[in-house]
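Taking it in order: structure first as structure tokens, then the write-up.
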Amino acid sequence: MRHLVIAFSLPLLLGAAAVVPAQDELGLGKMWTFERPPLAYLEREYGFEADEGWWNRMRLASLRFGRGCSASFVSPRGLILTNHHCARGAIAAAQGDADWLADGFVAREQSDEVRLEGLTVQQLVAMADVTAAVREGVSDAMADDEAEAVRRANRDRILAAARVDTPELEPQLVPLFQGAVWQLYRYRVYDDVRLVMAPHLQVAHFGGDPDNFVYPRYAVDFAFCRAYVDGAPADTSAHCFSWGDGPVEGELLFLTGNPGGTQRLLTKAQLEYQRDGRYPRVRELIDNRLDILRGFAASDPELEKRLRTLILSLENGQKLYRGEHGALLDPAFMARKETAEAAFQQRARDSGHGDALGIWRELEALMRQKLALDAPLNFQSAGGLPLLLRADALLEFAETGADAAAQRARDVVVRADPVQEALFSDHLARARGRLPAGDPYVAAMLGDLDPQQATRRLLSQSRLADDAGVEELLRAGAAAIGASDDPALVAMRVVRPLAAANAEREAKIAAAEARLGERIARLLFAVYGDDVSPDATFTLRFSDGRVAGYPYNGTLAPWRTVFHGMFARNVEFDGVHPFDLPERWLLARDRIDMHTPVDFVCTVDSTGGNSGSPVVNTELELVGLLFDGNIESLGNEFLYGERVERSVCVHPQGIVESLRKVYEATRLLREIGR
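Every letter in the sequence shown is one number past the one before it in the numbering used here, and letter 152, counting from 1, is 819.
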């Protein structure tokens, strides 16, 4: 064990010395920030201590991958490990006429590594508390929107100063505890990222949608990339994880990555809005889009290739939202939330803060407003149709004369696209179902027609698909645009004021909700102390846990699965998709050691955004690669538990066995020391 010598602030040390009752009592979980690690908790819970070098190496070896995943450096030469499903969008964009996504890819030599255009990885190199600077000039007497305007100006000033101070780093302002704490994070951005190796899609996604969010699992969901600087592999010798053999049952592990978002600090009233407003709307959107896209994919192989990654993403979202919504619809789950909230309120009373309990009543009233606004806000819009987005830009130009609006009208790409047409028709159908009778948006868009007819009429009669005609309108100016009877412009003249009014109402509700959320967070600190973890924000966190199986379906889930199970599942389903295996894998069956672990489960705290997160042991050896959670863990979005909730990880031995026995990736094996 190592002695801690990190120079943390005195308030943090005082908080770290306290017990952590809020984590269990309120279900806040274990997504710790690196600037506020719960040092006393880790020592008390596991007997674990570490020095400053240990913490810094773990932080610097951990990466944010693209716009929604995590990753890590696993060699001194910029080698990056993440999930296949995190890289597949970039692979699909880079593969051209090949199908590396389906067939796999191995760069035999460094010169074969392929640049993934537009993909970046970000490394957190500095952190600073800027809470006081964000709040400067804000008073309790200010209206919510006035206070938010002052905070916004302060945030802009802080970011501008950071860009001048460290121009080589990308700054980000991070609100924690619903804005009660603000951190300035600075990132080194690697913008030359190249593909090194990716397995077949079907082994990374083995079991497909039926096995998604379940366990036992047999997916080898990994990919290797490399960060380059000035045309050469990045020097990451000072901050990379070494490759380990994997964990043993009961071992202490750390997950480090960028969880995308949790809602554990929300009140019961806020979760009821999610249950009754947001989740039904989003689930309907996903279900309908999947039906539409699957139909197109089945009709045309080229469309299937184009839509493949979007369909996989939507399938993941469909199961995720069903599970999370299911938790909110479960009376027992909501009773747990109510119990946690009551415990918080009672502690507030006992500690002399009973006058703050009006926050909950204010939020209840605010959530009634938010629920009433949900349908107008989300349906009285252009619905993502490029033709209407162009009409919107033209009308803005006519109103303001802004060059940016004119350029946006030119930049919108309008072309015949049956997929886009079908998605917009679905938007209109859902709008008609969600908005009240006589709604002006429905009247303007549909009239007496059904959604398909209305969409076809709009697309066939509008002249805004003609770039030359749009340019002519821009030259003619506001009077010509105002006089035009083009149906897209006619429709958007109705939509724009509706959308503007909705946006104004939404901004006021958001400002009030932010103010009340900050007050609850301050009450949390007053009642429980500082040593609590904030909700996820797609910024770097670490979590602690142990390797452990769990009871399920009347039997036991093992802590790890092996290749025997993958090939058995393939046989049991007669090799039918999604339990089929690529021919290359079937040919390698006799070479693969069937006792080699494939996946394992542990109690680290994770959510979306943690995909690709490294799992390391106390020696900072990489011993796992997180890629999923079990179905029981989806309720952790709102209330953390670890009874049977588990994170699902790829075992490093499964990766090595794949590289050696199936892909013959000798160069890569040498680099990771295997």
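Note that the Cβ used here is the ideal one computed from N, Cα and C, for glycine as well.
Around the Cβ of residue i, are there at least 16 other Cβ atoms within 10 angstroms (buried) or fewer (exposed)?
i: histidine 1244; result: exposed
i: leucine 1253; result: exposed
i: alanine 774; result: buried
i: arginine 1123; result: exposed
i: threonine 700; result: buried
i: alanine 847; result: buried
i: serine 739; result: buried
i: isoleucine 1339; result: buried
i: tyrosine 1307; result: buried
i: serine 676; result: Because the pLDDT at serine 676 is just 35, under 50, the model does not fix this residue reliably, and the value given afterwards should be weighed accordingly. Burial call: exposed.
i: valine 887; result: buried
i: valine 686; result: Only weak support is given to the placement of valine 686: the predicted model assigns it a pLDDT of 44, under 50, and the value that follows is read from those uncertain coordinates. By the neighbour-count rule (16 or more Cβ atoms within 10 Å), valine 686 is not buried but exposed.
i: aspartate 764; result: exposed
i: tyrosine 713; result: exposed
i: serine 1200; result: buried
i: glutamate 1286; result: exposed
i: histidine 1262; result: exposed
i: threonine 749; result: buried
Would you mind working out which of the options sits nearest residue i, comparing C-alpha positions?
i: glutamate 951; options: Ala1042, Gly917, Arg1213; result: Ala1042
i: threonine 787; options: Ser737, Ala1135, Gly1019, Ser1151; result: Ser737
i: aspartate 954; options: Glu982, Arg975, Gly927, Leu938; result: Glu982
i: glutamate 780; options: Ala899, Ser1129, Trp1226; result: Ala899
i: glutamate 1288; options: Leu970, Arg1186, Cys907; result: Cys907
i: isoleucine 1259; options: Gln1087, Ala1170, Lys1328; result: Lys1328
i: aspartate 691; options: Glu1309, Glu1338, Val1323, Ile1322; result: Glu1309
i: tryptophan 849; options: Thr798, Met1159, Ala1076; result: Thr798
i: tyrosine 946; options: Glu1063, Glu1331, Val1109, Leu996; result: Leu996
i: serine 904; options: Pro743, Ala1155, Val1214; result: Pro743
i: glutamate 916; options: Thr934, Pro1201, Pro877, Thr1270; result: Thr1270
i: glycine 944; options: Ala886, Arg1028, Leu1040; result: Leu1040
i: proline 1164; options: Pro1107, Val1086, Ala1193; result: Pro1107
i: alanine 1150; options: Ala1104, Val801, Leu1062; result: Leu1062
i: leucine 843; options: Ala1181, Gln1047, Ala761; result: Ala1181
i: glutamate 939; options: Ala964, Asp1247, Arg1035, Gln777; result: Arg1035
i: glutamate 1029; options: Ala1155, Gly990, Arg1142, Ala1179; result: Ala1179
i: tryptophan 722; options: Gly733, Pro705, Arg711; result: Pro705
i: alanine 1177; options: Leu1038, Leu826, Thr1333; result: Leu1038
i: proline 1249; options: Gly733, Leu727, Leu768, Ala1168; result: Leu768
i: alanine 1170; options: Leu1190, Pro1218, Leu1044, Gly1100; result: Leu1044
Rounded to whole angstroms, how far is the Cβ of residue i from the Cβ of residue j, which I believe are closer than 8 Å?
i: phenylalanine 1060; j: valine 1081; result: Reading off the sequence, residue 1060 comes out as alanine, not phenylalanine. Not confirmed; about 11 Å, so no contact.
i: serine 729; j: proline 1281; result: 7 Å
i: asparagine 1297; j: tyrosine 882; result: 5 Å
i: proline 1264; j: arginine 1313; result: Not a contact, Cβ separation roughly 15 Å.
i: alanine 994; j: glycine 1302; result: 3 Å
i: aspartate 1266; j: phenylalanine 921; result: Not quite, the Cβ-Cβ distance comes to about 18 Å (not below 8 Å), so this is no contact.
i: alanine 1111; j: leucine 1054; result: Actually they are not in contact, since the Cβ atoms of alanine 1111 and leucine 1054 sit about 15 Å apart, beyond 8 Å.
i: aspartate 1093; j: isoleucine 978; result: Contact doesn't hold; Cβ gap of about 15 Å is too wide.
i: glutamate 784; j: alanine 761; result: 7 Å
Chain C beta carbons: is any one of them nearer than 9 Å to that of residue i?
i: glutamate 1031; result: Although the question refers to chain C, the structure presented lacks it and comprises just one protein chain.
Given a cut-off of 9 Å, decide if residue j and residue i are closer than it, judged by their beta-carbon atoms.
i: alanine 1083; j: leucine 1126; result: yes
i: arginine 893; j: glycine 1136; result: no
i: glycine 913; j: glutamine 1320; result: yes
i: methionine 864; j: leucine 1326; result: yes
i: leucine 836; j: tyrosine 854; result: yes
i: phenylalanine 1205; j: glycine 735; result: yes
i: alanine 936; j: tryptophan 1027; result: yes
i: phenylalanine 634; j: leucine 868; result: Outside the modelled stretch of the chain, which goes from 668 to 1341, sits residue 634, for which no answer is possible.
i: threonine 1274; j: threonine 929; result: yes
i: threonine 923; j: leucine 1207; result: yes
i: arginine 731; j: glutamine 790; result: yes
i: phenylalanine 1209; j: methionine 725; result: yes
i: glycine 1050; j: leucine 1095; result: yes
i: alanine 963; j: alanine 1089; result: The residue you asked about is not alanine; residue 963 is phenylalanine in the sequence shown. Yes, the pair counts as a contact, with Cβ atoms nearer than the cut-off.
i: arginine 782; j: aspartate 859; result: yes
i: glycine 696; j: aspartate 1272; result: yes
i: glutamate 1299; j: valine 1315; result: no
i: histidine 752; j: phenylalanine 1305; result: no
i: leucine 693; j: tyrosine 1195; result: yes
i: alanine 1023; j: alanine 1032; result: no
Closer than 8 Å: is that where the CB of residue i sits relative to any heavy atom of the ligand SAM?
i: arginine 1082; result: Of the ligands one can find in the structure shown there are none, so the ligand SAM has no counterpart to examine.
Every unbroken alpha helix (DSSP H) inside the segment 1217-1258 [4 residues or more]:
1230-1239, 1250-1254
Return the chain-ordered ranges of every alpha helix (DSSP H) run that is complete within the segment 769-826 and spans a minimum of 4 residues.
Entirely contained in the segment 769-826, the alpha helix (DSSP H) runs reaching 4 residues are, in chain order, 798-802.
Runs of beta strand (DSSP E) lying entirely within the segment 946-1000, each at least 3 residues, in chain order:
Entirely contained in the segment 946-1000, not one beta strand (DSSP E) run reaches 3 residues.
Report the start-end ranges of each alpha helix (DSSP H) in the segment 717-764 that is 4 residues or longer and not cut off at the edges.
The segment 717-764 contains these whole alpha helix (DSSP H) runs: 719-728, 751-761.
Where in the segment 1102-1174 do unbroken runs of the alpha helix (DSSP H), each at least 4 residues long, occur, reported from the N-terminal end onward?
1107-1113, 1118-1128, 1134-1143, 1145-1150
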